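Following: one structure in structure tokens, then a few remarks.
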């Protein structure tokens, strides 16, 4: 079930020109998705998904989760309505702290500052948040709970790994004053290097899990392709021998297998994205570790060369300012919202399947397959 929010929070975003362009390009792609859905016949989310999902992904390049939200969002809009807002869920946005929020855009995630602009009672939107464009301002409206409900972080996700990486290095920077007081900046930097190394091990494990899943998905897809192809010949043999009853049953099985194959194709695409994200995460970690090592050497060298007349605070302030730069990559999508009318949708699905079986049999009879 979707989370029931009791209030909403308005965040006024403060993007740089590049961030604003990224958000505007995402809105343009979302508007294009809505235009495609306006032209697509379909009475419910299921039929729209079957008819338009792949087209929207191909034409717009929007993230898969945003396309899924668009399918549901389309139902609350009037045809041809001017679209100036985008629904988001917890995988597409995340409040990273008291002054920054992470948002998924057409070209990747961005972390941008915001100013909180107040709370309101109630939240009627099906989405967890909504990005609203109004003239020159861009605001994020997010549903929130009245109480505090901490969310467990997935230790093997790329988001969790990058978030920890950011906290490690940002934590080192935040500890600059403590390090200066103890005159031990080198030890602080050494600890950061060790923690980055541990995070790298988790990132490599996450990549391994994603690649193993990819191999399993592709093997299953190959098996389904072989079964679908084999059923073609079996259906033809059944019709040639006057056993339409057997051919009809085999056609139903074939259609079911093709539906599974379509679902696998989507899973394979999403898995490829997970692998790409994991590889990018590893590159970020490698870069952070190389920089930390270099800064550590700089700190050691500075410790040997700074004149003894300088105070501990003066020595450490400068070394830590140069040595410890925060990594600016912290990323931030619940399950699909439950839909009403499940029984009716299932009945329509059965009717649709029967129609597909009859059409497939007719094609075999007329030699069109």
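Residue numbers (the working numbering): 36 to 404.
Heads up, the beta-carbon is just placed ideally off N, CA and C, and yes, glycines get one too.
The structure presented is a predicted model; accordingly, all values stated were derived computationally and were not measured.
Separation of residue j from residue i, as counted between CA atoms
i: residue 176; j: residue 303; result: 33 Å
i: residue 233; j: residue 122; result: 36 Å
i: residue 89; j: residue 333; result: 51 Å
i: residue 235; j: residue 229; result: 10 Å
i: residue 396; j: residue 240; result: 48 Å
i: residue 400; j: residue 278; result: 12 Å
i: residue 298; j: residue 148; result: 38 Å
i: residue 256; j: residue 95; result: 26 Å
i: residue 173; j: residue 61; result: 13 Å
i: residue 183; j: residue 390; result: With a pLDDT of 43 at residue 183, under the threshold of 50, the modelled position of this residue cannot be trusted; read the value that follows with caution. Cα to Cα, the separation comes out at about 50 Å.
i: residue 125; j: residue 329; result: 36 Å
i: residue 244; j: residue 313; result: 10 Å
i: residue 110; j: residue 80; result: 8 Å
i: residue 266; j: residue 91; result: 31 Å
i: residue 368; j: residue 146; result: Bear in mind that the predicted position of residue 368 carries a pLDDT of just 34, short of 50, making it too unreliable to give a figure here.
i: residue 310; j: residue 113; result: 38 Å
i: residue 178; j: residue 130; result: 12 Å
i: residue 72; j: residue 166; result: 20 Å
i: residue 242; j: residue 308; result: 11 Å
i: residue 443; j: residue 258; result: It is not possible to answer for residue 443, since the shown part of the chain is limited to 36 through 404.
i: residue 107; j: residue 275; result: 45 Å
i: residue 306; j: residue 153; result: 39 Å
i: residue 280; j: residue 388; result: 16 Å
i: residue 115; j: residue 74; result: 10 Å
i: residue 385; j: residue 249; result: 31 Å
i: residue 140; j: residue 264; result: 40 Å
i: residue 398; j: residue 300; result: 25 Å
i: residue 55; j: residue 336; result: 41 Å
i: residue 402; j: residue 321; result: 58 Å
i: residue 77; j: residue 102; result: 16 Å
i: residue 210; j: residue 317; result: Annotation note: pLDDT 49 at residue 210 (below 50); position unreliable, coordinate value reported separately. In a straight line, the C-alpha of residue 210 is about 25 Å away from that of residue 317.
i: residue 405; j: residue 394; result: The structure shown does not extend to residue 405, since the chain is modelled only from 36 to 404, so the question has no answer here.
i: residue 238; j: residue 268; result: 46 Å
i: residue 53; j: residue 97; result: 18 Å
i: residue 70; j: residue 251; result: 36 Å
i: residue 59; j: residue 136; result: 17 Å
i: residue 87; j: residue 315; result: 30 Å
i: residue 366; j: residue 144; result: Annotation note: pLDDT 33 at residue 366 (below 50); position unreliable, coordinate value reported separately. Whole-angstrom Cα-Cα distance: 6 Å.
i: residue 362; j: residue 85; result: Summary for residue 362: the model assigns pLDDT 35, below 50, so the residue's position carries little reliability, and this model does not support an answer.
Minimum C-alpha distance to residue i - residue among the options
i: residue 100; options: 54, 248, 390, 127; result: 127
i: residue 392; options: 288, 135, 115, 168; result: 288
i: residue 93; options: 254, 168, 280, 68; result: 68
i: residue 260; options: 59, 294, 237; result: 294
i: residue 273; options: 265, 282, 77; result: 282
i: residue 142; options: 170, 110, 63, 238; result: 63
i: residue 262; options: 291, 54, 102; result: 291
i: residue 227; options: 135, 326, 280; result: 326
i: residue 180; options: 386, 134, 155, 50; result: 155
i: residue 45; options: 66, 98, 150; result: 150
i: residue 120; options: 65, 252, 72, 48; result: 65
i: residue 133; options: 48, 280, 398, 323; result: 48
i: residue 51; options: 335, 251, 171, 394; result: 171
i: residue 40; options: 56, 57, 159, 252; result: 159
i: residue 231; options: 323, 118, 106; result: 323
i: residue 117; options: 168, 268, 331, 398; result: 168
i: residue 331; options: 225, 316, 253; result: 225
i: residue 253; options: 296, 136, 238; result: 296
Delimiting residues of the beta strand (DSSP E) encompassing residue i
i: residue 130; result: 128-130
i: residue 156; result: 143-156
i: residue 165; result: 164-169
i: residue 120; result: 120-123
i: residue 177; result: 172-179
i: residue 139; result: 135-140
Residue i - containing alpha helix (DSSP H), residue span
i: residue 41; result: Neither: residue 41 is in no alpha helix (DSSP H) and is coded neither H nor E.
i: residue 94; result: 80-95
i: residue 105; result: 99-109
Whole-Å CB distance - residue i paired with residue j, under 8 Å assumed
i: residue 270; j: residue 285; result: 5 Å
i: residue 162; j: residue 104; result: 6 Å
i: residue 157; j: residue 319; result: With a Cβ gap of about 39 Å, residue 157 and residue 319 do not count as contacting.
Below-8 Å beta-carbon distance, residue i vs any chain C residue
i: residue 93; result: Looking at the structure shown, chain C is missing, and only one protein chain is on hand.
Please specify which runs of the alpha helix (DSSP H), each continuous and at least 4 residues long, are wholly inside the region 44-68, giving them in chain order. none
Within the region 235-292, ranges of the beta strand (DSSP E) (whole runs, at least 3 residues): List check, beta strand (DSSP E) in window: nothing returned.
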